Amino acid sequence: MKIHGKVLGLVVTGVFSIMPFSASAENPKEIRVDYTSYSPTSLVVRKMGWMEEEFKKDNIPVKWVYSPSSSNALDFLKKGSLDFGSAAGLSGVMARSNGAPLKAVYVFSKPEWVAMMVGKNSTITNVKELKGKKIAATPGTDAYSFMLRTLHLNGMSKADVNVVPLAHVLGRKALENNEVDAWIALDPHQAASELEAGSKALYRNPDFSSFGLLYANESFISSHPDIVKRVVKAYEKARTWAIANPEETAKLLAEEAKISLPVAKAQLKRNDFSNPTPGPAHVKVLKAGISVLVQEKLVPSEDAGNKAIDELITSDFMK
Numbered sequence: 010m011k012i013h014g015k016v017l018g019l020v021v022t023g024v025f026s027i028m029p030f031s032a033s034a035e036n037p038k039e040i041r042v043d044y045t046s047y048s049p050t051s052l053v054v055r056k057m058g059w060m061e062e063e064f065k066k067d068n069i070p071v072k073w074v075y076s077p078s079s080s081n082a083l084d085f086l087k088k089g090s091l092d093f094g095s096a097a098g099l100s101g102v103m104a105r106s107n108g109a110p111l112k113a114v115y116v117f118s119k120p121e122w123v124a125m126m127v128g129k130n131s132t133i134t135n136v137k138e139l140k141g142k143k144i145a146a147t148p149g150t151d152a153y154s155f156m157l158r159t160l161h162l163n164g165m166s167k168a169d170v171n172v173v174p175l176a177h178v179l180g181r182k183a184l185e186n187n188e189v190d191a192w193i194a195l196d197p198h199q200a201a202s203e204l205e206a207g208s209k210a211l212y213r214n215p216d217f218s219s220f221g222l223l224y225a226n227e228s229f230i231s232s233h234p235d236i237v238k239r240v241v242k243a244y245e246k247a248r249t250w251a252i253a254n255p256e257e258t259a260k261l262l263a264e265e266a267k268i269s270l271p272v273a274k275a276q277l278k279r280n281d282f283s284n285p286t287p288g289p290a291h292v293k294v295l296k297a298g299i300s301v302l303v304q305e306k307l308v309p310s311e312d313a314g315n316k317a318i319d320e321l322i323t324s325d326f327m328k
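Using the numbering used here, you'd call the opening residue of the sequence shown number 10 and step up by one each time.
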């Protein structure tokens, strides 16, 4: 199995506006970080205890919170129950453009983690045949954005289909039980359904996957910029370990996500860990998805979306 990337060296792709940080005199009482099956890096850093090791001398405990989807992670951040959360790029853009004070401080992977799936015995062979059909998707996630962009690419919109809002794991169940005609699948559920139930990819497009980003609240960044750097440091240690140890990473993912080892390996093959620094390449990909989000009224305007992206992406903590 091959995981893309290099163990040694970082590629700094660009520097955005420097934020006026003002460190707080007091350390936080705890650091609240999420972990999730769609971010193998988060599973590694949690399993290895590198975050706890980093902050042990400061007597700052680390609290781990499970995020089942990007929308959950961003909601936890917005409500203040997380300091760091893992979510897809366009999900963060939607949140930021609608008032959530977030910044992306790290790239945990460039995945092809989403596909439009149909059931094993489905006779549907192209996206246009889904007009008037049921599609399961999780609102506020990269999967949902993928669905909208795929529909628009085929001359359709959300109004042309019956969107069934379901969590990722429930979307898989609905597809395999023939309760929906298609499902916008996210790994590892996508890989599991392919390998274990024979579900088929109706449409794939790696360019529609908008990166896996680690987000932090602006208030936390402003008060504790050094803490943010040290959290990123722990994630960077996990990234290089995952690249150097693909078999062990797959076993850890299988264990934590409660999936088979072949499913875990299939998921990891669709992740590129080579560039952890938020920068121009990520801005370009995110801005390419704005027009559809505006048309579907998930972002107020193109100007608001582009402004949100420029404010969201920062390479400051990966210099």
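We put the CB at the ideal spot given by N, CA and C, even for glycine. Small disclaimer: the values here were computed from a predicted structure and weren't measured.
- Within the segment 192-272, the complete beta strand (DSSP E) runs of at least 3 residues fall at 209-212, 221-226.
- By the Cβ-count criterion, S166 is exposed, with fewer than 16 other Cβ atoms from all chains shown falling within 10 Å of its own Cβ.
- Distance from the CA atom of N226 to the CA atom of T147, rounded to whole angstroms, is 23 Å.
- Shown here for V178: same chain residues with a beta carbon closer than 8 Å to its own, the five before and five after excluded, namely P77, H198 in chain order.
- In the DSSP secondary-structure assignment, S95 is bridged to L223.
- Where L111 is concerned, the enclosing beta strand (DSSP E) starts and stops at 111-120.
- For the 8 Å CB-CB criterion, G314 and S100 do not form a contact.
- Per DSSP, the beta-bridge partners of T45 are S48.
- Rounded to whole angstroms, K88 and Y153 show a C-alpha spacing of 22 Å.
- P110 and N163 have their C-alpha atoms some 34 Å from each other.
- In the three-state reduction of the DSSP assignment, N171 falls in the strand class.
- Counting the other CB atoms within 10 Å of its CB gives A191 a total of 16 or more, which places it among the buried residues.
- The alpha carbon of E205 has as its nearest neighbour, out of K182, N284, G98, the alpha carbon of K182.
- Counted as a single uninterrupted DSSP element, the beta strand (DSSP E) harbouring M125 occupies residues 123-127.
- Relative to S131, the option among S95, T50, F282, V189 whose CA is nearest is V189.
- In the DSSP annotation of this structure, the continuous segment of the alpha helix (DSSP H) that includes V294 starts and ends at 289-297.
- Measuring C-alpha to C-alpha distances from A97 to each of D151, A243, I299 identifies D151 as the nearest.
- Setting aside the 5 residues that flank it on each side, K56 is surrounded in the same chain by L261, each with a C-beta closer than 7 Å to its C-beta; the list follows chain order.
- Taking one beta carbon from each stretch, the segment 121-139 and the segment 290-299 have fewer than 3 pairs nearer than 8 Å; the two do not touch.
- For A183, the enclosing alpha helix (DSSP H) starts and ends at 177-185.
- Take the alpha-carbon of M103 and the one of V116: they are about 18 Å apart.
- By the neighbour-count criterion, in which 16 or more other beta carbons inside 10 Å mark a residue as buried, K72 falls on the exposed side.
- For K88, the enclosing alpha helix (DSSP H) has its first and last residue at 79-88.
- A direct Cα-to-Cα measurement between S269 and E35 gives close to 44 Å.
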